[in-house]
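In my numbering, the protein residues as written are 25 to 527.
Beta carbons are placed, not taken as given, at the ideal position from N, Cα and C, and that holds for glycine.
These notes are about the structure you will find just below.
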Amino acid sequence: MGIKDDETMRAHWRCFAACGLMVLSPFQYGIDFGLIGGLQAMPGFLKIYGHPAPDTTIGWNISTVRQQLITSLMTLGAFVSSATAGLIAAKLGRKACLRMACLGCVVSNIIMMTTTDINALYIGRLLNGLANGYFMTFSQLYIQESSPAKYRGLFLTAFQFCTSLGTLIGTIVDWATASRSDRSAYLIPLGLIYMVPIVLSVGLLFIPESPRWLILQDRIEDGQRSLEWLRPAGSQVDIEVAEIKAAIDIEREMGSQVSLLDMFKNPIDRRRTILAVCGVTLQASTGSMFIISYKAYFFTMAKVSNPFAMGCVLSAIGLLAIVINLLIVVRYGRRRVLLMTGLSTCGILQLIVAIVYDKNPAAKATGVVLVALSCLYMMSYNGMVATYSWLCGGELPSQRLRSYTFGLGAASGFLAAWITTFTAPYFINPDSLNWGPRYGYIWFPSSVIAAAWVYFFLPEVQGRTLEEIDEMFEANLPARKFRGYKCIRRLAMNEKPVAQHEE
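Following this line, the structure appears as structure tokens:
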């Protein structure tokens with residue numbers, strides 16, 4: 025390959041710039057989640073979309089149905105757009121799809137900021153979800169297809185970092201405006217949503233299209249120019265282009281067509297599709313969306329003192345975990361070990377939270393313990409689950425079906441998130457079951473099952489190029505033999521340039 029292990033980050037500065045622009049997409053997604061969960065605990069928002077509730081801490085509440093729809097319609101929209109990503113990507117490149125996301129995001133926010141009608145708000149939330157589905161799917165595809173294998177894990181960790189950073193900023197802005205009694209309490213936070221579409225739209229003018237997408241479209245020369253821009257000066261880009269094309273050609277021999285059904289026809293593609301879908305869905309198995317989406321409301325109803333501030337603390341702790349992960353992902357970053365550890369830890373913490381609250385729900389000390397355990401949960405989830413589940417979902421699909429498979433995986437992840445955000449109010453809202461933190465009883469067994477699935481089925485592909493991953497799947501290796509496998513095709517590709525240098 026043209027990428028050498030001793031090449032520094034500085035040498036790859038153009039690739040870092042392009043992928044750095046892509047990670048603005050999850051920043052937008054994170055801001056949305058940070059904002060929306062907090063709005064539902066603001067009197068200024070509840071006076072318009074909620075109802076008086078003298079028995080609650082803030083004197084206002086929102087119906088279970090409205091709470092469900094306001095939060096879950098975004099994830100439902102993201103599910104729909106991600107599920108159709110493969111069909112769109114067959115004709116449009118990654119950049120074009122991201123421009124469509126920017127437009128949809130701006131239009132949806134105009135609707136949400138100008139209306140006081142709940143039905144118009146629902147439409148805005150759904151449209152915002154459609155945009156966010158494209159943001160999350162096509163930005164990750166661009167990163168997976170453009171970055172060197174050595175730095176792919178780093179970029180995807182940065183991707184999750186920006187999701188959490190957006191969540192933290194959204195939570196902080198909610199905290200700053202929560203005391204306002206009029207509409208400005210939620211209009212100011214919503215104004216933040218315009219930032220990412222504007223910056224991303226401008227930045228896309230200066231970076232190339234995904235090289236692998238171009239080569240997949242048989243635009244070989246355009247793909248080579250894209251790689252020349254993304255790689256350091258003097259890199260053997262022609263070797264990398266040849267390897268990408270060879271891998272695509274081999275996959276085309278196995279199945280000449282590219283369609284939704286092709287993800288399941290061939291046993292190898294079927295295996296890769298199942299792994300990618302389950303990989304992305306791992307993060308939902310921990311119940312993370314319940315805490316991320318409703319943390320301010322959850323803390324408020326659990327009678328935690330200063331719930332908005334505690335929500336900020338929770339987001340900051342999650343961000344710290346990702347920063348730590350950034351320092352280890354390039355050298356360590358083993359997907360299987362970190363995912364199994366993270367899933368098990370998250371499940372145990374959810375169980376402890378449920379037990380503590382169940383034993384003494386009214387005590388002030390219980391609120392302190394809930395915040396502390398939630399912080400440990402976010403450390404485990406952000407540091408070991410969220411990043412690597414998205415990473416696996418993007419690494420494991422085949423080249424020619426990547427848009428379809430990763431789109432399906434992202435859609436499955438969003439569907440699982442939608443189910444969580446839609447059903448959570450039934451469990452935590454005082455107007456319904458009023459379980460509160462007891463909701464953790466459900467997520468302990470699901471986390472344990474997910475950890476067991478990782479152990480038996482998920483292969484280790486740390487430091488592998490996408491073409492090496494293709495070769496290992498074609499060899500029908502068991503999951504636990506991927507890590508030690510020596511790739512033959514890559515060795516063959518590397519022999520030729522070595523001989524030329526010796527001449």
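| Asked | Found |
| --- | --- |
| Output yes if chain D places a C-beta closer than 7 Å to the C-beta of C126; else output no. | No chain D appears in the structure shown, which is made up of a single protein chain. |
| Between C126, I55 and K119, which lies nearest to T187 when the distance is taken from Cα to Cα? | I55 |
| Are the region 326–338 and the region 159–177 in contact at 8 Å, needing three or more beta carbon pairs? | no |
| Report the three-state DSSP secondary structure of F459 (helix, strand or coil). | Strictly speaking, residue 459 in this sequence is Trp, with Phe absent from that position. In this structure, W459 counts as coil in the three-state DSSP scheme. |
| Express the C-alpha separation of L214 and L420 in angstroms, rounding to a whole number. | 36 Å |
| Looking at R243: is its Cβ nearer than 7 Å to the Cβ of Y166? | no |
| Can you grab the Cα-Cα spacing for the pair W414 / V304, in whole Å? | 5 Å |
| Compute the distance between the beta-carbons of L425 and Y401, then report whether it is under 7 Å. | no |
| I'd like to confirm the pairing. Which residues does DSSP put opposite H75 in its beta bridges? | N85 |
| Report the residue from M66, M98 and R38 whose alpha carbon sits nearest the alpha carbon of D206. | M66 |
| What did DSSP end up calling L425 once you bin it into helix, strand or coil? | coil |
| DSSP three-state call for M403: helix, strand or coil? | helix |
| Go ahead and label S234 buried or exposed: buried means 16 or more other beta carbons lie within 10 angstroms of its beta carbon, across all protein chains shown. | buried |
| Under 7 Å, do A476 and N406 count as touching if we go by C-beta distance? | no |
| Hey, out of R488, F185, S470 and L229, whose CA is closest to E311's CA? | Looking at the sequence provided, one finds Gly at residue 311 rather than Glu. When each option's Cα is compared against that of G311, the closest is S470. |
| Count the other CB atoms within 10 Å of the CB of P78; is the residue buried (16 or more) or exposed (fewer)? | exposed |
| Using only the alpha-carbon positions, how far apart do A200 and G58 sit? | 13 Å |
| Sorted by chain position, which residues of the same chain lie with C-beta nearer than 7 Å to T365's C-beta, five sequence neighbours on each side aside? | M408 |
| Quick check: what's the CA-CA separation for K383 versus T99? | 34 Å |
| Comparing C-alpha positions only, which one of K269, S49 and G128 sits nearest to E491? | K269 |
| Quick one, which of V104, C43 and V472 has its alpha-carbon nearest P550's? | Missing from the structure shown is residue 550; the chain here goes from 25 to 527 and no further. |
| Less than 6 Å between C-beta atoms, sequence neighbours within five positions excluded: which residues of the same chain meet that for F536? | There is simply no residue 536 to check, as the chain begins at 25 and stops at 527 in what is shown. |
| Are the Cβ atoms of R360 and L482 separated by less than 7 Å? | yes |
| Report all residues from its chain with a CB closer than 6 Å to the CB of V130; omit the five preceding and five following residues, and keep chain order. | P221 |
| Does the beta-carbon distance from L375 to F468 come in below 7 Å? | yes |
| By the three-class DSSP mapping on this structure, what secondary structure does E527 have? | Since pLDDT at E527 reaches only 34, below the 50 mark, its modelled position is unreliable, and the value read off the structure follows with that caveat. Coil, per DSSP. |
| How do the region 493–503 and the region 386–393 stand: do at least 3 beta-carbon pairs fall below 8 Å, yes or no? | no |
| Would I493 be called buried (16 or more neighbouring beta carbons within 10 Å of its own) or exposed? | buried |
| Please work out which residues of its chain come closer than 6 Å, Cβ to Cβ, to I27, disregarding the five sequence neighbours upstream and downstream, and give them in chain order. | Below a pLDDT of 50, predicted positions are generally treated as unreliable, and I27, at 41, falls in that range; the measurement from the model is reported next regardless. Within the same chain, I27 has close Cβ partners P172. |
| At the level of alpha carbons, what is the spacing between K319 and G258? | 50 Å |
| Taking its Cβ as the centre, do 16 or more other Cβ atoms sit within 10 Å of M33, making it buried, or is it exposed? | exposed |
| Compute the Euclidean distance between the alpha carbons of D286 and T181, then round it to the nearest angstrom. | 30 Å |
| Do you know how far the Cα of A114 is from the Cα of N458? | 47 Å |
| Which of the three DSSP states is assigned to P111 in this structure? | The sequence given here places Leu at residue 111; Pro does not occur at that position. If DSSP states are grouped into helix, strand and coil, L111 belongs with the helices. |
| Quick check on the burial criterion: 16 or more other C-beta atoms within 10 angstroms. Buried or exposed for E264? | buried |
| For W37 and V261, what's the separation of their Cα atoms in angstroms? | 16 Å |
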